[in-house]
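According to this note's numbering, the sequence shown is numbered sequentially starting from 69. Heads up, the beta-carbon is just placed ideally off N, CA and C, and yes, glycines get one too. Just below is one structure, and these are the notes that go with it.
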Amino acid sequence: LPDLSVWKGYVDTLDLSSASFLHHQKHPRGSETINHALQHYFGVPGDIRTYTYFSQLQQAYGMKEAILAHRGRSPYCRGSLFWQWNDCWPSISWSAVDMHQRPKLFYHQAKHSMDTLLLFTSEEEKGLATVAHNDGVEDVSITVRLYCVRTDTVVEPFGIDEQRVRLKPGQVPRDIIRFPTHQMTRMDTSYLVFVTEAIDNFTFSTLFRDHYHRCLPRHLQLQKAGVKVQRIDDQSLLLIADVVTYVLYL
Numbered sequence: 069l070p071d072l073s074v075w076k077g078y079v080d081t082l083d084l085s086s087a088s089f090l091h092h093q094k095h096p097r098g099s100e101t102i103n104h105a106l107q108h109y110f111g112v113p114g115d116i117r118t119y120t121y122f123s124q125l126q127q128a129y130g131m132k133e134a135i136l137a138h139r140g141r142s143p144y145c146r147g148s149l150f151w152q153w154n155d156c157w158p159s160i161s162w163s164a165v166d167m168h169q170r171p172k173l174f175y176h177q178a179k180h181s182m183d184t185l186l187l188f189t190s191e192e193e194k195g196l197a198t199v200a201h202n203d204g205v206e207d208v209s210i211t212v213r214l215y216c217v218r219t220d221t222v223v224e225p226f227g228i229d230e231q232r233v234r235l236k237p238g239q240v241p242r243d244i245i246r247f248p249t250h251q252m253t254r255m256d257t258s259y260l261v262f263v264t265e266a267i268d269n270f271t272f273s274t275l276f277r278d279h280y281h282r283c284l285p286r287h288l289q290l291q292k293a294g295v296k297v298q299r300i301d302d303q304s305l306l307l308i309a310d311v312v313t314y315v316l317y318l
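Here it is as structure tokens:
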């Protein structure tokens, strides 16, 4: 769903089941599909504001999984386009931006998942595997790190492994780091988030960071976060949370 301000002047009431709202849902099973996905992954909230936010979370989560599956299978899949970019009227749709060109959460996720350098960790038959994709035109020299953090307490991250690699254009190594299943048997998946990072070997800056959790998002045991905001410059803010957060909403 788009931001609630989109509906001003177009619907009689902010009620998803109202006739005026349903007029802007053109998929015959659209509302049913959204509710089914939310129930499985995030839960179905009762108020329209949270429902809108959760629906955008769900869209970003699902599209990220699809894009990673495509890029991780290069060169068998050499690219993909997503549907759809924008809306031409107030609509409940798959768009990345609404009719006023305001980004949904998926817009920001698409920029991240379609970056020239991609790095992610996912579950395979024998455990976790870290995949990289250099879609640029030059070699990239990076240090790949895999570590996990707990969501229930403030402790130092648990380092799993790091590897120094040089990625050629188009190269897609699928096992830079492996973490076997038998080493995770005593790990409570609902309290752990695995973090994958790419560090530039020359500037030591972080080029890419991605997060993976082995449980459904609604099963993550997240704590109430305290967030500090620091202004970097006229166009940038730095947000610092005291515990693990999942998609911080401003």
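Check whether residue i and residue j have beta carbons under 7 Å apart
i      : j      : result
His279 : Val295 : no
Tyr314 : Leu284 : no
His92  : Ile160 : yes
Leu136 : Phe122 : no
Val212 : Gln239 : no
Trp162 : Gln177 : no
Val311 : His281 : no
Leu149 : Phe276 : no
Asp207 : Arg234 : yes
Gln124 : Lys172 : yes
Close-in-space but distant-in-sequence residues of the same chain around residue i (CB under 6 Å, 5 per side omitted)
i      : result
Phe174 : Gln127, Ala128, Met131 and Ala164
Ala309 : Ala293 and Val295
Ile116 : Leu82
Asp229 : Leu214 and Ile245
Residue i (DSSP reduced to helix, strand or coil)
i      : result
Ser209 : strand
Val240 : coil
Phe150 : coil
Tyr78  : coil
Pro285 : helix
Own chain, CB closer than 7 Å to residue i, minus 5 neighbours either side, in chain order
i      : result
Asp243 : Ala197
Ile300 : Leu306
Gly227 : Tyr215
Assigned exposure category for residue i - 16 Cβ within 10 Å defines buried
i      : result
Ala200 : buried
Pro158 : buried
Asp166 : buried
Arg218 : buried
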